[in-house]
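Peer 1:
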Amino acid sequence: MDRFLIHGPATLRGRVRASGAKNAALPALAACLLAGEPVALTRVPRVRDIGTMRKLLDHLGVASEERGDALVFHPGTPAEENGEAPYELVKTMRASVLSLGPLTARWGRARVSLPGGCAIGVRPIDQHLAGLEALGADIHVAGGYVEARAPRSGSGAGAARRLRGGRFRFAMPTVTGTENLLMAAVLADGTTVLENCAREPEVGDLARLLSAMGARIEGAGTETITVHGVPELGGARHEVIPDRIEGGTYLVGAALTGGDVTLEDAEPADLAPLLEKLAEVGATVEVSGRSIRVAGTGELRSADVATAPHPGFPTDLQAQYLALMTRATGVATVSETVFENRFQHVPELARLGAVIEVAGPVARVHGPTELAGAHVMATDLRASACLVLAGLAAHGETTIHRIYHLDRGYERMEGKLHDLGATVERVRGPMPD
Ligand code: UD1
7 MDRFLIHGPA TLRGRVRASG AKNAALPALA ACLLAGEPVA LTRVPRVRDI GTMRKLLDHL
67 GVASEERGDA LVFHPGTPAE ENGEAPYELV KTMRASVLSL GPLTARWGRA RVSLPGGCAI
127 GVRPIDQHLA GLEALGADIH VAGGYVEARA PRSGSGAGAA RRLRGGRFRF AMPTVTGTEN
187 LLMAAVLADG TTVLENCARE PEVGDLARLL SAMGARIEGA GTETITVHGV PELGGARHEV
247 IPDRIEGGTY LVGAALTGGD VTLEDAEPAD LAPLLEKLAE VGATVEVSGR SIRVAGTGEL
307 RSADVATAPH PGFPTDLQAQ YLALMTRATG VATVSETVFE NRFQHVPELA RLGAVIEVAG
367 PVARVHGPTE LAGAHVMATD LRASACLVLA GLAAHGETTI HRIYHLDRGY ERMEGKLHDL
427 GATVERVRGP MPD
């Protein structure tokens, strides 16, 4: 397994372009299962989760190829024996569950392994399943697989299976749940109303792609989405939105290392909750068009944060913010309200010298502490990013093991950090333990 060697302390300085958003690209790929004609997607980040989703689509009859700066997806019919998302492909990536809605909508049936992915809390998919049932699907969970069948839309054995428009209220705003139901509803018979939807920018991006393919969607980005089903969808060309979490990670890095970083080709509105916090803790924040500059100005002050669904502070930046607070003066209370068990990075940060107490969903960071290099273990995607940031701020050498988590979601991370003046080396091979 690869690891990172970071020689700290580093001061991040320079310009970096945000990659396309992994969490917008994954549903965009899944949406290709609905297309009747080729779909060309640009700004798809070249990260491992995208490779996994491409393999899954290939298995489900949608081949893809690189053409210039685009990934082009060619719809096909899944072979009868291939009409399922198998455990081997799904286990490493929870987002594989995004195939459930489109497969059921397009082919009337789906068999998808229960998802794996980051070990952050229990992460059930009950809302995805209840939503599909509200659209008339018959759902069975057996042997680690979810089987969904749309109702027959006519009489006789040969009648096609098709979802029916319906009304569904999510018990909590779920991002992939909203995306799954949106993709199910676009080909359903009649109108669907989805309530208490996730308002994350990635949901809006999916709705734009589906609309470009011919779907009729109103209200994406708000709590209530109305979808008027259409009989079929065509192809489209679509650029994925910038990755606010990846970009935000580099901006936190600028504040943490007392550096000066300009994030280019970003969407500042999507990063507003982070930018407000960075200004509050004492960093300089300047927005100009699609560029965001963050500079460290000397002393950082502690500020409390509670994660929340968009437009709140994103849970996917909680770990990076925790790393930042280790260098801030005072006590910062960081509350995780979206996921349970999302402080696995705390014991690893402690190995670098951080002083953090965790009680249930709340972490209290006592700062500032001098961080010193050590061996640490990445446990999930965003936790890994927080360890990289802490390693950059630490004196001496930090070794981050199991960076395959980072490779799932950060495009060219060591290259981008190198461009910003840091010394981060990837050491390939098995872990020495
Ligand atoms: C997505 C993101 C992930 C991010 C998260 C929250 C992708 C591929 N991943 O994950 O990076 O951290 O949003 O912003 O986009 N829940 C249920 N039942 C369900 C669905 C969700 O109880 O059926 C709960 C979850 O356990 C969690 C909360 O709802 O506590 C929000 O989770 P959700 O928005 O679904 O996260 P993901 O879509 O998996």
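Residues 7 to 439 in our numbering are what the sequence shown lists, from first letter to last. The beta carbon of each residue, even a glycine, is placed where N, CA and C say it ideally should be. All values derive from a computational prediction rather than experimental measurement.
Among 405, 395, 35, which has the Cα closest to the Cα of residue 57?
Peer 2: If you number the sequence shown from 1, residue 57 lands on position 51. Per the Cα distances, 35.
Peer 1: If I follow the unbroken beta strand (DSSP E) through residue 231, where does it start and stop?
Peer 2: What you label residue 231 is simply residue 225 of the sequence shown in a count that begins at 1. Its beta strand (DSSP E) spans residues 231-234.
Peer 1: Starting from the Cα of residue 145, find the closest Cα among 107, 112, 165 and give me that residue.
Peer 2: Taking the sequence shown and counting its residues from 1, the one referred to as residue 145 is at position 139. That would be 107, whose Cα lies nearest to the Cα of residue 145.
Peer 1: DSSP puts residue 76 in a beta bridge; with which residues?
Peer 2: Here residue 76 refers to the residue found at position 70 when the sequence shown is read from its first residue. Answer by DSSP bridge pairing, in chain order: 48, 73.
Peer 1: Pull up the CB-CB distance for residue 359 and residue 378, whole angstroms please, since I reckon it's below 8 Å.
Peer 2: Locating residue 359 in the sequence shown gives position 353, counting from the first residue. Locating residue 378 in the sequence shown gives position 372, counting from the first residue. Confirmed, about 5 Å.
Peer 1: Select from 301, 329, 130 the residue whose C-alpha is nearest the C-alpha of residue 308.
Peer 2: As a working mapping, residue 308 is identified with position 302 in the sequence shown. Looking at the Cα atoms, 329 is the closest of the given residues.
Peer 1: As a quick exercise: from 239, 396, 38, pick the residue whose alpha carbon is nearest that of residue 67.
Peer 2: Looking up residue 67 in the sequence shown gives position 61. The residue with the shortest Cα to Cα distance from residue 67 is 38.
Peer 1: Could you tell me how far apart the beta carbons of residue 463 and residue 120 are, in whole angstroms, since I believe they sit closer than 8 Å?
Peer 2: The structure shown does not extend to residue 463, since the chain spans only 7 to 439, so no value can be given for it.
Peer 1: For residue 14 and residue 351, which I take to be in contact (beta-carbon distance under 8 Å), what is that distance rounded to the nearest angstrom?
Peer 2: As a working note, residue 14 is residue 8 in the sequence shown. As a working note, residue 351 is residue 345 in the sequence shown. That pair is no contact at about 17 Å.
Peer 1: Run through DSSP, which three-state label would residue 139 get?
Peer 2: Residue numbering aside, residue 139 sits at position 133 when the sequence shown is read from its first letter. Residue 139 falls in the helix class under three-state DSSP.
Peer 1: State the CB to CB distance for the pair residue 228 and residue 199, rounded to an integer number of angstroms; the pair is presumed to be in contact (CB under 8 Å).
Peer 2: Taking the first residue of the sequence shown as position 1, residue 228 is located at position 222. Taking the first residue of the sequence shown as position 1, residue 199 is located at position 193. Rounded, the Cβ-Cβ distance is 12 Å, inconsistent with contact.
Peer 1: Distance check for residue 278 and residue 415, CA to CA, integer angstroms please.
Peer 2: Within the sequence shown, numbered from 1, the residue matching residue 415 stands at position 409. Within the sequence shown, numbered from 1, the residue matching residue 278 stands at position 272. Those two C-alpha atoms are separated by around 21 Å.
Peer 1: My assumption, with CB atoms under 8 Å, is that residue 80 sits in contact with residue 69. Please give the rounded CB distance.
Peer 2: Reading the sequence shown from its first residue, position 74 is the one you call residue 80. Reading the sequence shown from its first residue, position 63 is the one you call residue 69. Right, the Cβ-Cβ distance comes to about 5 Å (below 8 Å), so this counts as a contact.
Peer 1: How big is the Cα-Cα spacing for residue 130 and residue 100?
Peer 2: Locating residue 130 in the sequence shown gives position 124, counting from the first residue. Locating residue 100 in the sequence shown gives position 94, counting from the first residue. In a straight line, the C-alpha of residue 130 is about 10 Å away from that of residue 100.
Peer 1: Let me know the secondary structure DSSP gives residue 439 once reduced to three states.
Peer 2: Position 433 of the sequence shown, counted from the start, is the residue given in the question as residue 439. Note that residue 439 has pLDDT 42, beneath the 50 cutoff, so the model's placement of it is unreliable and the number below is only indicative. Looking at residue 439 - three-state DSSP - the assignment turns out to be coil, as it is neither helix nor strand.
Peer 1: Using a Cβ-Cβ cut-off of 6 Å (strictly less than) and excluding sequence neighbours within five positions of residue 313, which residues of its own chain qualify?
Peer 2: Numbered from its first residue, the sequence shown carries residue 313 at position 307. Same-chain partners within the cutoff: 319, 321, 324, 342, 343, 344.
Peer 1: When you compare only the Cα positions, how much space is there between residue 17 and residue 304?
Peer 2: Position 11 of the sequence shown, counting from 1, holds the residue named residue 17. Position 298 of the sequence shown, counting from 1, holds the residue named residue 304. Cα to Cα, residue 17 sits roughly 12 Å from residue 304.
Peer 1: DSSP beta-bridge partners for residue 195?
Peer 2: Within the sequence shown, numbered from 1, the residue matching residue 195 stands at position 189. According to DSSP, which records beta bridges pairwise, residue 195 is partnered with 170.
Peer 1: Answer yes or no: the CB of residue 208 versus the heavy atoms of the ligand UD1, is any distance below 8 Å?
Peer 2: As a first step, residue 208 must be located in the sequence shown, where it is residue number 202. Yes, the ligand UD1 has a heavy atom inside 8 Å of this Cβ.
Peer 1: Could you name each continuous beta strand (DSSP E) segment of 3 residues or more that falls completely within the region 318-402, going from the start of the chain to the end?
Peer 2: DSSP runs (the beta strand (DSSP E)) wholly in the region 318-402: 334-341, 361-365, 368-373, 381-383.
Peer 1: In the DSSP assignment, find the alpha helix (DSSP H) that holds residue 425 and state where it starts and stops.
Peer 2: If you number the sequence shown from 1, residue 425 lands on position 419. Taken as a continuous stretch (DSSP letters only), the alpha helix (DSSP H) holding residue 425 covers 419-425.
Peer 1: Is residue 326 near the ligand UD1, judged by its Cβ being under 8 Å from some heavy atom?
Peer 2: The count along the sequence shown starts at 1 and reaches residue 326 at position 320. No; taking the cut-off as 8 Å, the Cβ of residue 326 has no heavy atom of the ligand UD1 nearer than that.
Peer 1: Taking only the alpha-carbon atoms, compute the straight-line gap between residue 252 and residue 83 and give it to the nearest angstrom.
Peer 2: Start at 1 with the first residue of the sequence shown, and residue 252 comes out as number 246. Start at 1 with the first residue of the sequence shown, and residue 83 comes out as number 77. Their backbone Cα atoms lie some 35 Å apart in a straight line.
Peer 1: For the ligand UD1, any of its heavy atoms closer than 8 Å to the Cβ of residue 350?
Peer 2: On the sequence shown, position 344 is the one that residue 350 refers to. Flag unset: Cβ of residue 350 not near the ligand UD1.
Peer 1: Whether or not the region 256-267 and the region 215-222 are in contact is what I'm after, with contact meaning three or more pairs of Cβ atoms, one per stretch, closer than 8 Å; do they touch?
Peer 2: Taking 8 Å as the limit for Cβ pairs, the verdict is that the region 256-267 does not touch the region 215-222.
Peer 1: Exposed or buried, residue 48, counting other C-beta atoms within 10 Å across all chains shown (16 or more means buried)?
Peer 2: Position 42 of the sequence shown, counting from 1, holds the residue named residue 48. Looking at its Cβ environment, which holds fewer than 16 other Cβ atoms inside 10 Å, residue 48 is exposed.
Peer 1: Under the assumption that residue 12 contacts residue 362 (Cβ atoms under 8 Å), give the Cβ distance between them as a whole number of angstroms.
Peer 2: One-based indexing of the sequence shown puts residue 12 at position 6. One-based indexing of the sequence shown puts residue 362 at position 356. Not really, about 20 Å apart at Cβ, beyond 8 Å.
Peer 1: Which residue's Cα is closest to the Cα of residue 315: 180, 41, 291?
Peer 2: On the sequence shown, residue 315 is found 309 positions in, with the first residue counted as 1. Of the candidates 180, 41, 291, the one whose C-alpha sits nearest the C-alpha of residue 315 is 180.
Peer 1: Please find out if some non-hydrogen atom of the ligand UD1 comes closer than 8 Å to the beta-carbon of residue 34.
Peer 2: As a first step, residue 34 is located in the sequence shown; it is residue number 28 there, counting from the start. Not under cutoff, so the answer is no.
Peer 1: For residue 208, count neighbouring Cβ atoms within 10 angstroms of its own Cβ and tell me buried if that reaches 16, exposed if not.
Peer 2: Within the sequence shown, the letter at position 202 stands for residue 208. The residue is buried, with at least 16 neighbouring Cβ atoms inside 10 Å.
Peer 1: Could you tell me the alpha carbon to alpha carbon distance between residue 317 and residue 162, rounded to whole angstroms?
Peer 2: Locating residue 317 in the sequence shown gives position 311, counting from the first residue. Locating residue 162 in the sequence shown gives position 156, counting from the first residue. Roughly 48 Å between the two C-alpha positions.
Peer 1: Assign residue 439 to one of two classes, buried (16 or more other C-beta atoms within 10 Å of its C-beta) or exposed (fewer than that).
Peer 2: As a first step, residue 439 must be located in the sequence shown, where it is residue number 433. Legend: pLDDT at residue 439 = 42, less than 50; position of this residue unreliable, value from coordinates given subsequently. That one is exposed.
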